[in-house]
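Numbering (my numbering), first residue to last: 63 to 751. Virtual Cβ for every residue (Gly too), placed ideally from N, Cα, C. These figures come from a predicted structure and were not determined experimentally.
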Amino acid sequence: MLFVLPAAADERGDFFEAKIRPLLARRCQSCHGVSRSAGLRLDSREAILRGGRSGAAIVPGDPDNSLLFQAIDHTHGSLKMPPTANKLDAVEIEAIARWIREGAIWPESPREFFLTRIKPVLDANCVACHGPLQQQGRLRLDTAEGFAKGGLSGPAVIAKDPDRSLLLQAVRHEHPRLKMPPAGRLDAAAIADLASWIERGAIFVDAPAQLSPYVIRPEQQAFWSFQPLKKPGAMPVAGRAGWNRNPVDRFIGHAQDWAKLAPVPRASKLTLIRRVTFDLTGLPPSPGEIDAFVRDSSPGAFATVVERLLASPRYGERWGRHWLDVVRYADTAGDAADFPVPEAYKYRNWVIDAFNQDKPYDRFVREQIAGDLLPAASEEERWQQTIATGYLAVSRRIGVSPHGERHVTIEDSIDNLGKTFLGLSIGCARCHDHKFDPIPTADYYAIYGILDSSVYPFAGAEHRPHRADFVYRVGQAKADEILKPFEDRLAPWNRREREKFAEYQSFQDRKITTPGRSREAVWKELNELREQRRAVAEAFPPLETAYAISEGEGHDVPIQRMGDPRSPGSMAPRGFLQILGGAKVPQGERGSGRRQLADWLLENPLAARVMVNRVWHWHFGVGLVTSTSDFGVRGAAPSHPDLLNYLAARFVQDGWSLKALHRLILLSETYQLSSESHAANAAADPENR
């Protein structure tokens with residue numbers, strides 16, 4: 063029999079399907095589905111009523127006393143949900159309240175009915191004889207294909223016709239020959255469920271396949287960019303006088319000798335000081351600086367200029383700008399509303415200061431990924447490390463309600479992280495295994511789980527113009543204590559705003575409008591209410607905040623089939639790329655895993671190679687690898703692989719010092735050559751490689 067609901071319940075069921083089921087799937091079930099965070103599942107009514115470690119999630123008919131509503135409304139003493147995303151907007155919160163108030167109706171979808179009522183019966187009573195190990199009568203009852211194909215006696219089921227279906231005849235013991243299961247007849251409830259399932263169309267849902275091992279082929283592992291850095295052996299020798307003092311010149315001079323290319327003359331002193339000053343500070347040299355350098359005939363004159371420029375505050379501004387371009391820095395949120403983020407400048411200044419202080423690059427990377435989790439010698443250092451995670455916080459948002467498209471924000475984080483630190487397009491593996499590089503989809507979601515276990519700040523959006531999850535300098539617990547009285551005063555205003563916004567939204571669904579009311583009038587009332595609310599909100603004490611990342615509850619996530627968060631597949635344990643070691647976050651780790659991720663990003667040969675190539679690119683206009691953010695199969699091969707290896711190994715040996723790398727490059731004859739054309743060279747090497 064089909065389940066028939068009364069008319070009123072039908073309307074509530076339609077509301078659930080339109081508003082609640084998609085909301086739970088999008089915002090809740092990545093943590094409270096298969097992964098069962100805090101012992102709670104939110105993917106069936108029974109599971110919600112059963113609840114988790116904190117008790118039942120809902121009290122049907124009473125949203126105010128339902129833990130789920132208290133958590134999403136932020137009125138519970140300790141539960142604030144979603145913990146790893148921004149707060150639900152006013153319409154979403156009101157929808158949950160209405161659903162609970164009206165009895166928490168949850169019509170079973172065909173998929174749910176199969177998974178909760180039918181599959182357990184088949185697994186317990188049928189699959190042993192009609193499954194992967196044996197197929198008696200050539201019949202399999204563990205896959206959709208097996209059901210469709212049937213066995214020696216014909217199709218097992220005829221959709222929407224229980225009486226003619228062999229399966230039902232067998233379990234009812236109505237077939238003259240087939241009596242199933244052999245051990246004894248099923249109970250009446252199970253038989254009734256099977257009959258109902260067939261009558262409803264016999265929808266069969268294949269269980270998510272378990273992750274199959276991803277095999278990295280030898281030729282993939284042997285690709286040049288994945289090879290360990292080699293300690294330099296015997297240095298090449300250049301055949302020209304003066305070209306063997308600097309390691310850069312040894313490699314370049316030797317290559318030019320082999321290609322029978324003649325170096326052009328050294329640049330004039332005027333050209334050289336303009337070149338290096340623009341390179342290191344982005345500004346022209348002053349007349350006095352030019353005159354002093356031109357008049358200085360000492361052998362170390364140019365080295366003196368380089369040291370002066372590296373010590374200039376303008377150096378950090380110039381090279382910080384290079385970095386901020388790579389990591390797509392902006393001081394607005396970037397969604398359709400593009401809300402401003404006044405605190406974003408703190409990350410910008412942190413980057414500038416890091417370059418000026420010559421912060422070791424490995425530390426520079428770790429702080430941007432997990433600065434809030436690293437030990438600190440002082441409170442100020444701890445705060446600066448927290449600000450550094452603004453790198454992740456500035457990930458793009460999309461849409462009018464960007465907090466509802468969290469998977470797009472995390473995609474941007476992963477895509478930029480891969481290109482910036484590893485020169486790999488990891489984002490291409492979101493929907494399927496990478497087409498060219500050895501990066502399976504499972505690796506994408508291994509990193510996704512780490513970031514999904516972190517809390518991104520929310521700058522505001524049209525549907526909810528209130529910020530959330532910014533990091534307080536005094537810490538969240540202390541901030542909660544300080545702000546509680548102010549939050550209590552604001553709570554009724556928030557509720558009134560939410561109800562008014564829900565009224566505004568309801569006009570798009572209404573077939574009959576309320577006399578004397580209009581969408582425009584309600585919008586005006588909403589804005590007036592927000593202005594009244596503003597005075598209460600502005601009374602909050604001005605606690606210092608940062609647009610930064612904080613820890614959520616560590617959890618793994620399922621692979622999203624075709625990149626769709628509404629279609630979960632197998633679970634992907636948190637970890638790193640298999641081609642770079644495939645390390646995993648330890649079982650039972652309650653933290654996000656960002657600290658481990660920061661280490662993994664540096665414990666591979668790509669980290670140093672990619673950064674020294676960027677520095678070369680920013681000095682010469684083209685990198686030794688011309689595709690500066692793609693060291694994969696589709697990227698360019700290095701023009702001087704041995705030089706790139708040397709520079710990367712030397713970079714690590716010098717304590718990841720960028721200023722030391724600058725000195726090595728800038729003091730070379732190669733950097734100081736004129737840019738004039740040389741006909742023979744241009745003919746033999748038209749791209750100047």
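Item: Just how far apart, CA to CA, sit residue 102 and residue 111?; Value: 10 Å
Item: Can you tell which of 290, 531 and 585 has the C-alpha that lies nearest to the C-alpha of residue 516?; Value: 531
Item: Is residue 621 helix, strand or coil by DSSP?; Value: strand
Item: Using C-beta distances below 6 Å, list every residue in its chain close to residue 120, excluding the 5 sequence neighbours before and after it, in chain order.; Value: 110, 128, 130, 162 and 166
Item: In the DSSP assignment, find the alpha helix (DSSP H) that holds residue 382 and state where it starts and stops.; Value: 375 to 388
Item: Less than 8 Å between the C-beta atoms of residue 338 and residue 316, yes or no?; Value: no
Item: What separation, rounded to the nearest whole angstrom, lies between the Cα atoms of residue 745 and residue 684?; Value: 19 Å
Item: Which of helix, strand or coil does DSSP assign to residue 673?; Value: helix
Item: Hey, how far is the Cα of residue 172 from the Cα of residue 222?; Value: 13 Å
Item: When we look at the beta-carbon of residue 737 and count the other beta-carbons within 10 Å, is it buried (16 or more) or exposed?; Value: exposed
Item: In whole angstroms, what separates the C-alpha of residue 573 from that of residue 581?; Value: Confidence at residue 573 is low in this model, with a pLDDT of 49, below 50, so its placement is unreliable and the value that follows should be read with caution. Each residue's Cα considered, the two are about 13 Å apart.
Item: Please list, in chain order, all residues of the same chain as residue 584 whose beta carbon is under 6 Å from its beta carbon, the five residues on each side excluded.; Value: 565 and 566
Item: Which full runs of the alpha helix (DSSP H) of 4+ residues lie inside the stretch 400 to 436, going along the chain?; Value: 407 to 418 and 423 to 432
Item: Can you name, in chain order, every residue of its own chain whose Cβ lies under 7 Å from the Cβ of residue 549, other than the five neighbours on each side?; Value: none
Item: In the DSSP assignment, find the beta strand (DSSP E) that holds residue 631 and state where it starts and stops.; Value: 630 to 634
Item: On the three-state DSSP scale, how would you describe residue 356?; Value: helix
Item: Could you compute how far the alpha carbon of residue 529 sits from the alpha carbon of residue 125?; Value: 25 Å
Item: Take residue 611 as the anchor and find which of 115, 433 and 154 has the nearest alpha-carbon.; Value: 433
Item: Quick one, are the C-beta atoms of residue 411 and residue 377 less than 8 Å apart?; Value: no
Item: Name the residue from 302, 408 and 449 whose alpha carbon lies nearest to the alpha carbon of residue 428.; Value: 449
Item: Classify residue 702 as helix, strand or coil using the three-state DSSP reduction.; Value: coil
Item: On the DSSP letters alone, give me the boundaries of the alpha helix (DSSP H) that residue 154 sits inside.; Value: 152 to 163
Item: Roughly how many whole angstroms lie between the Cα atoms of residue 690 and residue 473?; Value: 20 Å
Item: Measure the alpha-carbon distance for residue 69 versus residue 83 and round it to whole angstroms.; Value: With a pLDDT of 38 at residue 69, under the threshold of 50, the modelled position of this residue cannot be trusted, and the question is left open.
Item: Quick check on residue 690: does DSSP put it in helix, strand or coil?; Value: coil
Item: Any idea if residue 627 is buried or exposed, counting beta-carbon neighbours within 10 angstroms, 16 or more meaning buried?; Value: buried
Item: Can you list, in chain order, the residues of its chain with a C-beta nearer than 7 Å to that of residue 733? Leave out the 5 residues immediately preceding and following it.; Value: 681 and 727
Item: Quick one: grab the DSSP three-state call for residue 328.; Value: strand
Item: With 16 as the cutoff for other CB atoms within 10 Å, does residue 248 come out buried or exposed?; Value: buried
Item: Taking only three categories from DSSP, how would you classify residue 473?; Value: helix
Item: Pick helix, strand or coil for residue 310, following the three-state DSSP scheme.; Value: helix
Item: Residues in the same chain with beta-carbon distance under 7 Å from residue 347, minus the five sequence neighbours each way, listed in chain order, please.; Value: 335, 336 and 339
Item: With respect to the alpha helix (DSSP H) encompassing residue 741, which residues constitute its N-terminal and C-terminal limits?; Value: 741 to 746
Item: Going by beta-carbon coordinates alone, are residue 409 and residue 456 separated by less than 8 Å?; Value: yes
Item: Assign residue 636 to buried or exposed, taking buried as 16 or more other Cβ atoms, counted over all protein chains shown, within 10 Å of its Cβ.; Value: buried
Item: Could you pull out every residue in the same chain whose Cβ sits closer than 7 Å to the Cβ of residue 700, ignoring the five residues on either side in sequence?; Value: 686, 687 and 706
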